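So for the sequence shown, UniProt numbering puts the first residue at 1; every next one is plus one.
Idealized CB from N, CA, C, for every residue including glycine.
Note that this is a predicted model, so its numbers are computed, not measured.
Shown next, in C-alpha cells, is the structure this report addresses.
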Amino acid sequence: MPSKKIKENLLKSLNTKFSNNDTNQLLILSNPLLAEDIFTEIHKADLLRPALFLPHPETLPYDFFSPPSKVRSQRIETLAKLLTAKNTILVASVQSLMCPCSDIKHLSYINQLKVGALLIRSEFLKSLENDGYSNKEVVLKSGEYSLRGSIIDVFFSNFRNPLRIEIYDKKIESLRFFNSKTQLTSKKVDIATTLPALEYPLNETGVLKFKKNWRNYFDAF
1 MPSKKIKENL LKSLNTKFSN NDTNQLLILS NPLLAEDIFT EIHKADLLRP
51 ALFLPHPETL PYDFFSPPSK VRSQRIETLA KLLTAKNTIL VASVQSLMCP
101 CSDIKHLSYI NQLKVGALLI RSEFLKSLEN DGYSNKEVVL KSGEYSLRGS
151 IIDVFFSNFR NPLRIEIYDK KIESLRFFNS KTQLTSKKVD IATTLPALEY
201 PLNETGVLKF KKNWRNYFDA F
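The structure is reproduced here in C-alpha cells:
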C-alpha cells in the first residue's frame, strides 16, 4: 500500500488538476484492493469533484456463479452514471478494466416509476425478469423481487434499500423504501428511477445473441 504522503499528494493532484473543466479522469491502480483503498481515501477527502468506483466482479472467466449482489449493484450504478458524468474521477483496477462492460443501450434503459402512473402488473414483472431480477419469497438483497397481492417489493440495483410498490386499479398507489431486515417502510417517494439488475440483458434478443456467439466461438457445442 502507498504511504500516507503519497496518498496526500495524489489527492491534492486530483483536486486541482482538472477541477475547472468537464474532463473526466481515469485513475488506474495495480490491484482491486488498492483501488478500493484509494477510492475510500478520495471519498473521505471530500474533493471538489465527484468520484466513482468500478469494483472487480470477484469472479474468474467461466465461473459457474455470479458476482456478489453488492458488487453487481455498484458496477451497474457506476457504469450508468459514467454515461452522463462530467469532471468526474473514475477509480478502477487493471483487473476490473479488463472485464467486459455492458452495452451502452442496455445501461441507457431507465425505467421511471411514478405515483399515479399506469402500471400493468404482468408487463412490469416480465420487464423485471428481462432486467435480471429474480423472484423470491422475501426481498433481502439487490436484484430480488417478491409479490404479495397488490404489493410488489423490488430491490433495485441503484438503491441502497428495496422499494415497495403498491398497486391499485392498475395504477401505482404508493412508492415506499423499506428495511430488508425488518421489512418496515421508512420513506415515501413520488418518483423512482430504476436500473437493470445485471450488466447484460436476459430478454429474448440477449439470450439469442449469447447462443449465437457461443456457437461461433465453441464449435463443439
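>> So, with DSSP's three-state summary, where would you put E144?
In response: The answer is strand: DSSP assigns E144 an E or B state.
Checklist line | Simplified DSSP state of V154, which is helix, strand or coil | finding: V154 falls in the strand class under three-state DSSP.
Q) Can you pull the DSSP bridge partners for Y168? A) Secondary-structure assignment with DSSP links Y168 through a beta bridge to K171.
Practice item. Could you have a look at T193 and say whether DSSP puts it in helix, strand or coil? Key: If DSSP states are grouped into helix, strand and coil, T193 belongs with the strands.
For S180, three-class secondary structure by DSSP: Correct three-state label for S180: coil.
Alpha-carbon to alpha-carbon, V94 and R49 | The alpha-carbon atoms of R49 and V94 are separated by roughly 22 Å.
- Please confirm whether F178 and R160 have their CB atoms less than 9 Å apart. The Cβ-Cβ distance between F178 and R160 does not fall below 9 Å.
Measuring CA to CA, which of V154, V115, D131, R176 is closest to D169?
For D169, the nearest C-alpha among the options comes from V115.
CA-to-CA distance, K4 to L10, given in whole angstroms: One C-alpha to the other measures close to 10 Å.
Next item on the list: Would you list the residues sitting across from L27 in a DSSP beta bridge?
Entry: Partner(s): V91.
Margin query: Going by DSSP, what residue range makes up the beta strand (DSSP E) through N21?
Written below: No beta strand (DSSP E) contains N21, which DSSP labels as neither H nor E.
Tell me which residue opens and which closes the beta strand (DSSP E) that K114 is part of. K114 -> beta strand (DSSP E) spans 111-114.
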